[in-house]
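In our numbering, the protein residues as written are 16 to 146. Heads up, the beta-carbon is just placed ideally off N, CA and C, and yes, glycines get one too. Since the model is a prediction, treat every value here as computed from it, not as a measurement.
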């Protein structure tokens with residue numbers, strides 16, 4: 016349980032904070048979403064709201080550990096979609112939609128993973144261990 020919690024915490028922090036660091040640079044230099052980078056980041060922040068709604072749905076539907084596994088798998092798919100669409104940006108509409116899907120999925124699922132993992136660690140370890 017401790018190794019799973021450590022791995023999950025590392026992944027969620029790497030995804031959440033790494034994305035917060037990298038997306039402004041990538042969206043301004045390499046990939047375009049059809050808007051300015053500041054508007055793209057604002058859209059990314061607004062995409063976190065459905066992530067919180069997804070947390071509420073997942074809480075009712077399944078346990079925390081399977082939720083974390085499914086979220087990590089979906090995040091990997093969204094990252095691959097963003098990278099593929101961004102590297103073939105001069106392609107067509109499909110690549111543009113892949114960039115949008117990857118960016119939106121990354122933002123929605125990143126905050127979902129952060130919240131579900133935080134709840135999982137809070138449930139697994141008693142207060143005496145966390146203080």
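- Looking at 34, 75 and 79, the one whose alpha-carbon comes closest to that of residue 59 is 34.
- For residue 110 and residue 118, the gap between their C-alpha atoms comes out near 12 Å.
- Only residues of its own chain outside the window of five on either side were considered, and among them 100 have a CB closer than 8 Å to the CB of residue 112, listed in chain order.
- Within the segment 35-97, the runs of alpha helix (DSSP H) at least 4 residues long that lie entirely inside it are, in chain order, 52-61 and 63-76.
- Within 10 angstroms of the beta-carbon of residue 55 lie 16 or more other beta-carbons, which makes it buried.
- Approximately 13 Å separates the beta-carbon atoms of residue 16 and residue 132; this is outside 8 Å, ruling out the contact.
- With fewer than 16 other Cβ atoms inside 10 Å of its own Cβ, residue 78 counts as exposed.
- In this structure, the alpha-carbon of residue 21 lies about 40 Å from that of residue 106.
- Straight-line spacing of the CA atoms in residue 115 and residue 108 works out to 11 Å.
- Annotated three-state conformation of residue 140 is coil, per DSSP.
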